[in-house]
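J.: Numbering (this note's numbering), first residue to last: 30 to 101.
In this text, a Cβ means the ideal position worked out from N, Cα and C, and glycines have one as well.
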Amino acid sequence: QVAQVDAARCTGCGRCISACELRLFAFETHQWKKRSVMHDTHLCNAWGDCAAMCPVGAVTLVDKTASDAGAD
Numbered sequence: 030q031v032a033q034v035d036a037a038r039c040t041g042c043g044r045c046i047s048a049c050e051l052r053l054f055a056f057e058t059h060q061w062k063k064r065s066v067m068h069d070t071h072l073c074n075a076w077g078d079c080a081a082m083c084p085v086g087a088v089t090l091v092d093k094t095a096s097d098a099g100a101d
């Protein structure tokens with residue numbers, strides 16, 4: 030499993046960024062709104078701290094095949 034961010038739900042609070050020990054999350058700005066995005070998903074260890082810290086449920090753990098299907 031890997032963590033995945035739902036950009037539509039993300040409020041840009043940054044809790045997932047601080048929760049990830051591997052520092053795989055970062056802020057990006059889209060249409061004047063700050064959102065969290067995940068980089069290097071292949072490094073994710075799926076501990077789930079990022080998902081547990083998200084107050085709006087924007088970060089979830091998904092199967093790696095599901096995250097690969099949504100990759101750019």
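Between Leu53, Met82, Ala55 and Ala75, which has its C-alpha nearest Val91's C-alpha?
T.: Indexing the sequence shown from 1 puts residue 91 at position 62. Out of Leu53, Met82, Ala55 and Ala75, Ala75 has the C-alpha closest to the C-alpha of Val91.
J.: Quick one: using the 10 Å Cβ neighbour count with 16 as the cut-off for buried, is Ala54 buried or exposed?
T.: Position 25 of the sequence shown, counted from the start, is the residue given in the question as residue 54. First, the residue type needs correcting, since residue 54 is Phe and not Ala in the sequence shown. By the neighbour-count rule (16 or more Cβ atoms within 10 Å), Phe54 is buried.
J.: Nearest-angstrom Cα distance between Gln30 and His59?
T.: One-based indexing of the sequence shown puts residue 30 at position 1. One-based indexing of the sequence shown puts residue 59 at position 30. Gln30 and His59: Cα-Cα distance of roughly 27 Å.
J.: So which of Thr40, Thr94 and Ala81 has the shortest CA-CA distance to His71?
T.: For this step, residue 71 is matched to residue 42 along the sequence shown. It is Thr94 whose Cα lies nearest to the Cα of His71.
J.: Taking the CB atoms as reference points, tell me whether Cys79 and Cys42 lie closer together than 9 Å.
T.: As a position in the sequence shown, residue 79 is number 50, starting the count at 1. As a position in the sequence shown, residue 42 is number 13, starting the count at 1. No, these two residues do not count as a Cβ contact at 9 Å.
J.: Check for me: the beta strand (DSSP E) holding Ala20 runs from which residue to which?
T.: Examination of residue 20 is not possible in this model, given that the chain is present from 30 through 101 alone.
J.: Would you say Val85 and Ala32 are within 9 Å of each other, going by their C-beta atoms?
T.: As a position in the sequence shown, residue 85 is number 56, starting the count at 1. As a position in the sequence shown, residue 32 is number 3, starting the count at 1. For Val85 and Ala32, no; Cβs fall outside 9 Å.
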